Amino acid sequence: MPLLTALGLGALAAAAPAAAQTTDAVTSARVLPGWRMADGTHMAAVELRLAPGWKTYWRAPGDLGIPPRFDWRGSDNLAGVDIRWPTPGLIQQGGDVAIGYHDVLVLPLHVLARDAGAGVTLKGTVDLGVCRDVCMPLTLALNADLPADAAARDGRIAAALADRPLTAAEAGVRAVSCTVSPGKNGQLNLRAVVTLPPTGAPETAIIEAGDPNLWIAQPSLQRRGDTLIAETRLSHGQGRAFALDRSKLRLTILGARQAVDIQGCPAG
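For the sequence shown, the working numbering assigns the number 285 to the initial residue and increments by one for each residue that follows.
Below is the structure:
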């Protein structure tokens with residue numbers, strides 16, 4: 285995967301008008317209203333446009349960065365929002381590697397209405413980190429009406445949905461297992477073994493634990509034919525003892541040809 289391949293998703297023409305835009309010196313944000321689906325849920329998106337040279341981050345930002353955090357508490361007729369993340373890329377920041385996007389990011393939102401027959405008003409904020417030569421946090425306001433009768437599919441949102449990592453089944457993952465052992469200073473060592481055809485060199489792995497209090501080091505990788513081995517260490521952000529829920533472990537493999545999302549890692 286070339287660096288930052290998930291970028292430029294907003295270049296396609298819109299099928300519907302966008303909501304009011306919030307602009308900052310380095311980025312702008314707006315909601316693309318999208319369309320109501322046959323099951324009564326709604327597909328919308330947040331479009332972020334970053335000034336040249338600026339980057340923002342994925343849900344697991346890597347060595348550096350702040351993942352986007354949404355607050356929709358000002359909304360009406362809203363039961364929930366599920367973010368559908370497009371495939372991110374690698375951001376080189378000095379000697380560190382972060383995970384994220386630049387230029388234009390269209391971030392699909394799968395919206396659940398309390399009353400599926402009525403429109404939804406999205407009103408809230410997004411907190412995100414942006415970086416160029418320096419890094420800083422931003423809070424941007426978001427506001428849009430999602431009509432219940434919206435039917436036209438927005439090509440920008442459709443392209444972002446298509447640019448997701450493959451599931452384990454789609455990618456041909458035949459086996460996955462994790463071994464956990466005690467480490468130094470209360471840390472745990474994690475070794476994940478995945479039977480997966482090569483995704484294209486160079487490959488990078490991101491491991492998430494499903495607990496925001498846990499810190500996970502950037503894994504080291506070895507590939508032996510169709511076997512990929514990722515090794516890392518975990519610790520609690522406040523130095524506490526912790527238990528690891530294997531069902532919540534999530535491995536994302538970023539390769540030059542494709543990305544793969546593997547959820548859950550049983551004992552090996």
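Glycine included, each C-beta is placed from N, C-alpha and C at the ideal position.
Since the model is a prediction, treat every value here as computed from it, not as a measurement.
DSSP three-state label for residue 320, please.
strand
Indicate the three-state DSSP secondary structure (helix, strand or coil) for residue 497 in the structure shown.
coil
Would residue 516 and residue 500 qualify as a contact pair, given that the criterion is a beta-carbon distance under 7 Å?
yes
What residue range is occupied by the uninterrupted alpha helix (DSSP H) comprising residue 445?
439-446
Looking only at its chain, what residues have a beta carbon closer than 8 Å to the beta carbon of residue 542, apart from the 5 residues adjacent to it on each side?
285, 449, 450, 455, 483 and 484
What residue from 518, 311 and 533 has the CA that sits closest to residue 338's CA?
311
Note down, in chain order, each residue of its chain lying with its Cβ closer than 7 Å to the Cβ of residue 358, except the 5 sequence neighbours on either side.
Taking residue 358 as the centre and dropping the five residues before and after it, the same chain places the C-beta of 407 and 408 closer than 7 Å to its C-beta, in chain order.
Whole alpha helix (DSSP H) runs in the stretch 337-366 with 4 or more residues, listed along the chain?
When DSSP assignments are scanned along the stretch 337-366, no uninterrupted stretch of alpha helix (DSSP H) that is 4 or more residues long falls wholly within it.
Based on Cα-Cα distance, which residue from 466, 378, 440 and 435 lies nearest to residue 419?
Among 466, 378, 440 and 435, the Cα nearest to that of residue 419 belongs to 378.
For residue 475 and residue 348, what's the separation of their Cα atoms in angstroms?
23 Å
Alpha carbon of residue 294 to alpha carbon of residue 527, nearest angstrom:
Any answer about residue 294 is weak, because its pLDDT of 32 lies below 50 and its placement is not dependable; what the coordinates show is given next. Cα to Cα, the separation comes out at about 41 Å.
Nearest neighbour of residue 399, chosen from 388, 497, 440 and 363 [CA to CA]:
363
Report, in whole angstroms, the separation of the C-beta atoms of residue 351 and residue 342, which I expect to be a contact under 8 Å.
7 Å
Taking only three categories from DSSP, how would you classify residue 467?
coil
How should residue 371 be labelled, buried or exposed, when 16 other C-beta atoms within 10 angstroms of its C-beta is the threshold for buried?
buried
Could you check the C-alpha separation between residue 537 and residue 439 for me, to the nearest Å?
27 Å
Let me check one thing: in DSSP terms, what residues is residue 488 bridge-paired to?
538
Residue 534 versus residue 452: straight-line alpha-carbon distance, rounded:
11 Å
Report yes or no: do the stretch 385-405 and the stretch 425-433 share at least 3 C-beta pairs separated by less than 8 Å?
yes
What does a CB cutoff of less than 7 Å around residue 466 pick up in its chain, not counting 5 residues either side in sequence?
Closer than 7 Å at the Cβ level, and outside the excluded window around residue 466, lie 472.
Which residues does DSSP pair with residue 314 in a beta bridge?
331
From residue 460 to residue 478, what does the alpha carbon distance come to, in whole angstroms?
About 4 Å.
In whole angstroms, what is the alpha-carbon distance linking residue 391 and residue 481?
28 Å
What number of angstroms, rounded off, separates the C-alpha of residue 436 from the C-alpha of residue 373?
If you take the alpha carbons of residue 436 and residue 373, they lie about 30 Å apart.
Of all the options 525, 441, 504 and 508, which has the alpha carbon lying nearest to the alpha carbon of residue 316?
441
Boundaries (first-last residue) of the beta strand (DSSP E) holding residue 525
No beta strand (DSSP E) contains residue 525, which DSSP labels as neither H nor E.
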